[in-house]
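Heads up, the thing below is written out as structure tokens.
In full-length UniProt numbering, the protein residues as written are 1 to 267.
This is how it looks when you write it as structure tokens:
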């Protein structure tokens with residue numbers, strides 16, 4: 001028996017990347033899965049059903065998290081069939097453009113999907129959460145530190161970090177536990193799409209935090225949810241960066257980052 005056995009887990013962004021890997025790991029732990037994505041879920045569902053030895057329930061719903069009304073309707077429809085014990089929210093995009101090269105449309109798209117999409121999902125699922133239930137929201141190491149070429153992405157993730165801290169104060173007394181998952185770069189279709197788009201300086205700064213294998217990152221996240229931890233930061237380098245931000249003055253942290261940018265630009 002696993003902590004997640006017989007629990008109903010809602011997973012957004014389940015068609016690929018971290019969302020799909022989470023669903024894959026939870027299938028073997030006997031969770032009932034309710035999957036959401038704006039992308040087709042047929043391939044993901046087929047792969048998960050092939051692993052479904054315990055005959056758990058796996059259902060799918062199309063969902064565009066930027067549409068608040070649709071999100072409310074789809075969550076309500078899903079909850080009529082299976083009410084959530086745990087929500088795991090993974091929907092997000094990167095924004096690998098320097099500020100000077102980024103259009104207003106690009107900036108707004110990142111904010112709409114990452115920040116407003118998160119808000120829409122939380123608002124839609126809230127009526128179906130009760131004491132003992134849990135919410136896991138994906139943030140990033142970019143929730144705590146800016147990076148070259150990530151002004152839109154960091155803005156959205158800083159906002160998510162602040163929003164989740166505030167919601168934790170409101171929901172914790174009601175018995176609803178919050179986990180914020182703040183990983184360093186992970187090898188996913190999302191990060192691979194940055195190749196050739198992000199500048200060399202941005203790539204150099206990202207390397208400071210290291211890159212995790214997706215399987216290990218998800219295992220760390222699931223362990224954090226099981227232990228009802230508020231913040232999960234997987235990876236040695238990511239935790240080192242987080243520690244130095246808490247110990248050293250921001251001027252020193254900025255100096256180190258500036259040196260990395262200068263070194264990368266000279267290559």
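Beta carbons are placed, not taken as given, at the ideal position from N, Cα and C, and that holds for glycine.
Residue i burial status per 10 Å Cβ neighbour count (16 or more: buried)
i, result
"residue 142", "buried"
"residue 120", "buried"
"residue 74", "buried"
"residue 10", "buried"
"residue 37", "buried"
"residue 21", "buried"
"residue 134", "buried"
Nearest-angstrom Cα separation, counted from residue j out to residue i
i, j, result
"residue 138", "residue 186", "12 Å"
"residue 113", "residue 39", "14 Å"
"residue 89", "residue 136", "6 Å"
"residue 132", "residue 172", "10 Å"
"residue 188", "residue 45", "19 Å"
"residue 146", "residue 57", "41 Å"
"residue 108", "residue 149", "15 Å"
"residue 60", "residue 153", "28 Å"
"residue 218", "residue 91", "15 Å"
"residue 251", "residue 243", "15 Å"
Simplified DSSP assignment, three categories, for residue i
i, result
"residue 233", "coil"
"residue 218", "helix"
"residue 32", "strand"
"residue 133", "coil"
"residue 181", "strand"
"residue 9", "strand"
"residue 247", "helix"
"residue 241", "helix"
Residue span of the alpha helix (DSSP H) that contains residue i, given as start and end
i, result
"residue 158", "151-171"
"residue 212", "Per DSSP, residue 212 belongs to no alpha helix (DSSP H) and is neither H nor E."
"residue 111", "104-111"
"residue 273", "In the structure displayed, the chain extends from 1 to 267; residue 273 sits before or after that span and is not available."
Enclosing beta strand (DSSP E) for residue i [first to last residue]
i, result
"residue 26", "Element bounds for residue 26: not the beta strand (DSSP E) but the alpha helix (DSSP H), 17-27."
message: At 4 residues or longer, what runs of the alpha helix (DSSP H) sit wholly inside the stretch 34-114?
response: Counting whole runs of 4 or more residues, the stretch 34-114 contains the alpha helix (DSSP H) stretches 42-51, 68-81 and 104-111.
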